[in-house]
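Just below is one structure, and these are the notes that go with it.
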């Protein structure tokens with residue numbers, strides 16, 4: 001990973017106070033690098049942007065049919081959800097349907113991303129649960145997939161578990177990389193996570209959006225995943241979360257997934273275009289203006305979408321909620 | 001502000017996952033730029049690193065003697081405190097002594113920085129108060145200063161209030177800059193905050209640590225402020241906060257103050273050296289290894305100090321608390 005170019009500025013009054021660097025890659029589903037800012041070959045950990053592809057293990061295991069998972073539950077398996085009531089309930093439902101228990105989850109517990117849900121939980125004095133973990137849907141999905149495949153579930157996070165090997169191989173085949181060149185490390189939730197060139201992440205999303213160029217065996221599963229995420233965007237994130245707002249703004253058109261440490265991947269469904277972003281310093285606040293600028297440069301008008309404005313051009317507010325600065329993208333000259 | 005050079009890397013397994021850029025300036029109390037990484041002339045908003053100098057208004061107003069403020073209360077006036085019981089009680093005491101009320105504060109309310117204090121407050125159902133704001137000591141001090149100076153307090157945050165003009169002038173004189181070249185904007189707490197070259201911030205801290213080269217009229221006040229901060233470091237930050245640990249590790253030797261958006265200023269008392277840091281992207285996690293590397297390069301051994309190790313070389317942990325990476329400084333070649 002290199003630091004890339006200036007993508008986002010944060011101002012205070014008349015001056016720039018902080019700067020976010022990073023990389024952007026735009027790739028077509030047939031594998032052409034269309035545009036790049038920074039280094040499209042930068043090796044990045046996909047983090048939660050990998051979830052739609054980890055869900056291939058779930059869909060292709062037959063667990064969806066076997067356990068009667070809904071499209072919403074498939075969306076939750078691809079989610080970094082906010083731990084709101086509906087997310088927790090759905091993760092619980094997934095466990096129940098596959099005959100798993102909450103203690104089978106190995107994601108660990110953290111407070112809900114949603115501030116209201118988090119405050120309510122603290123106020124109630126009830127312990128935070130693994131179901132609140134933003135990855136609980138992914139983990140419930142992995143356990144169900146392992147069960148449907150007739151495999152052990154106590155070691156489902158082991159990088160050598162056959163389900164995890166299946167996921168690695170699928171990512172390598174769809175992303176056209178040698179599986180041995182994918183760096184496998186541990187994600188925040190304990191699951192294996194992959195380090196790949198940024199343009200590979202963009203290619204994965206291009207083929208999620210338009211599976212036509214993906215190997216035949218993955219096409220149906222990719223289609224199911226993309227549609228589930230776009231149609232149930234409230235399950236992929238939550239109230240006021242970027243991916244939820246983005247996908248709700250573009251029905252049947254965009255599939256997108258944020259990851260920790262400043263990562264984002266998205267696919268434009270009808271065009272078969274993938275865009276991947278890595279903010280070098282890992283800042284969440286810089287992801288949104290960077291992604292939305294990339295969409296604008298791709299000819300997709302986001303500046304007219306009121307729901308996206310707070311993400312494209314966020315206000316820096318002081319404690320008293322007065323606006324004292326703003327956050328916005330500064331890149332946009334084609335450098336390739 | 002420019003983006004500077006690579007200061008800190010964040011790894012995951014064998015690879016670099018994220019990179020923090022920025023600037024470091026090392027200046028002597030007599031005004032010489034001794035070392036720099038990145039651009040020592042980068043214009044930075046001092047944010048809460050300005051607090052020791054804003055406290056000049058309090059000390060030089062005579063309010064300390066008039067209202068019987070303790071050395072701890074002076075330290076709190078320079079603090080970004082954690083909102084723990086002792087901080088809230090002391091801010092309250094400052095208001096009482098000067099005859100002010102809690103509603104005279106104009107800093108706004110936010111949850112305590114201290115997680116335990118924050119959770120207890122949420123659990124209790126008691127509303128968060130302005131006293132919990134990390135800046136409440138500064139604001140209580142500004143109100144007391146305005147009162148002692150016989151000035152109005154309802155507009156104490158106005159950049160043209162005589163107290164704020166006094167502070168601006170003091171910073172300009174001690175930092176040897178033209179006051180008209182200091183950019184005045186609004187800080188997170190609503191107070192005026194100054195944009196100055198990074199090396200000016202370093203010079204201010206060099207002279208806080210060793211006032212010998214500061215204009216005569218400020219020397220006693222600077223000495224009082226530096227000693228109050230170092231001796232009552234638990235009031236300047238709080239439990240497990242960097243500045244508190246740093247100053248407690250170096251009694252009568254280091255005075256340091258963090259600011260928002262990746263800023264830090266510190267002075268080495270016996271040597272009259274000032275070090276200022278700006279992390280370009282504003283990340284808090286990058287401040288600590290950067291500052292501690294700068295101290296090491298200045299010949300001050302911090303690698304032996306167990307209390308500082310978690311700041312110099314922090315572990316990246318997953319939700320289950322397993323270490324999956326680390327955060328450490330990568331700069332250190334003298335570039336000036």
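Chains as they are written, first to last, in UniProt numbering: chain A, 1 to 336; chain B, 1 to 336.
Just so it is clear, CB atoms sit at the ideal spot from N, CA and C, and this is done for glycine as well.
Check	Outcome
Strictly below 7 Å CB to CB, what residues from chain A border residue 12 of chain B?	45 and 185
Could you tell me which of A:76, A:57, A:47 and A:18 sits nearest to residue 233 of chain A, measuring between CA atoms?	A:76
Counting only beta-carbon separations shorter than 7 Å, does residue 15 of chain A have a partner in chain B?	yes
Name the DSSP bridge partner or partners of residue 18 of chain A?	A:10
Look at the Cβ atom of residue 24 of chain B, then the Cβ atom of residue 277 of chain B, and state whether they are nearer than 7 Å.	yes
Taking 6 Å as the limit between beta carbons, can you name the residues of its chain near residue 168 of chain A, skipping five residues before and five after?	179
What are the partner residues of residue 314 of chain B, as DSSP defines its beta bridges?	B:327
Return the residue from the list B:330, B:272, B:313 and B:321 that minimises the CA-CA distance to residue 34 of chain B.	B:272
Determine, using beta carbons only, whether residue 29 of chain A and residue 213 of chain A come nearer to each other than 7 Å.	yes
If the criterion is Cβ atoms closer than 7 Å, does the pair residue 189 of chain A and residue 305 of chain A meet it?	no
Less than 7 Å between CB atoms is the rule here; does residue 318 of chain B satisfy it with respect to chain A?	yes
In whole angstroms, give me the CA-to-CA distance for residue 318 of chain B and residue 186 of chain A.	8 Å
Give the straight-line distance between the Cα atoms of residue 227 of chain A and residue 95 of chain A, rounded to the nearest whole angstrom.	22 Å
So, is the C-beta of residue 57 of chain A closer than 7 Å to a C-beta in chain B?	no
Is there a C-beta anywhere in chain B that falls below 7 Å from the one on residue 334 of chain A?	Residue placement at residue 334 of chain A cannot be trusted, given a pLDDT of 48 that sits under 50; the coordinates are not used to answer.
On the three-pair Cβ rule with 8 Å, is the stretch 3-23 of chain A touching the stretch 155-166 of chain A?	no
State the Cα-Cα distance for the pair residue 37 of chain A and residue 258 of chain B, rounded to the nearest angstrom.	33 Å
The beta strand (DSSP E) with residue 35 of chain B in it runs from where to where?	33-37
Run through chain A and tell me which residues come within less than 8 Å of residue 110 of chain B, C-beta to C-beta.	319
Just the C-alpha distance for residue 13 of chain A and residue 307 of chain B, rounded to the nearest angstrom, thanks.	38 Å
Helix, strand or coil: which one does DSSP assign to residue 57 of chain A?	helix
With a CB to CB cut of under 6 Å and the five nearest residues on each side skipped, what residues in its chain are close to residue 40 of chain B?	25, 33, 198 and 199
Just how far apart, CA to CA, sit residue 324 of chain B and residue 267 of chain A?	29 Å
I'd like to know whether the C-beta of residue 181 of chain A is nearer than 7 Å to at least one C-beta of chain B.	no
Tell me whether the beta-carbon of residue 104 of chain B lies closer than 7 Å to the beta-carbon of residue 153 of chain B.	yes
In whole angstroms, what is the alpha-carbon distance linking residue 316 of chain B and residue 133 of chain B?	28 Å
Judging by CA-CA distance, which residue of A:269, A:192 and A:310 is the nearest neighbour of residue 245 of chain A?	A:310
Go to residue 227 of chain B, then tell me how far its alpha helix (DSSP H) extends in each direction, as first and last residue.	216-231
Count the other CB atoms, across all protein chains shown, that sit within 10 Å of the CB of residue 334 of chain A; report buried if there are 16 or more and exposed otherwise.	With a pLDDT of only 48 at residue 334 of chain A, under 50, the local geometry of the prediction cannot be trusted, and no value is derived from it.
When you compare only the Cα positions, how much space is there between residue 288 of chain A and residue 182 of chain B?	32 Å
Which residues share a DSSP beta bridge with residue 186 of chain B?	B:192
Do residue 262 of chain A and residue 283 of chain A have their C-beta atoms within less than 7 Å of each other?	yes
Can you list the alpha helix (DSSP H) stretches of 4 or more residues lying completely in the stretch 93-166 of chain B, in chain order?	115-124 and 136-148
Kindly indicate the opening and closing residues of the alpha helix (DSSP H) around residue 64 of chain A.	63-67
Identify, in the order they occur along the chain, each residue of the same chain with its Cβ nearer than 6 Å to the Cβ of residue 87 of chain A, setting aside the five sequence neighbours on each side.	81
Under 8 Å between beta-carbons, which chain A residues line up against residue 119 of chain B? List them in chain order, please.	122
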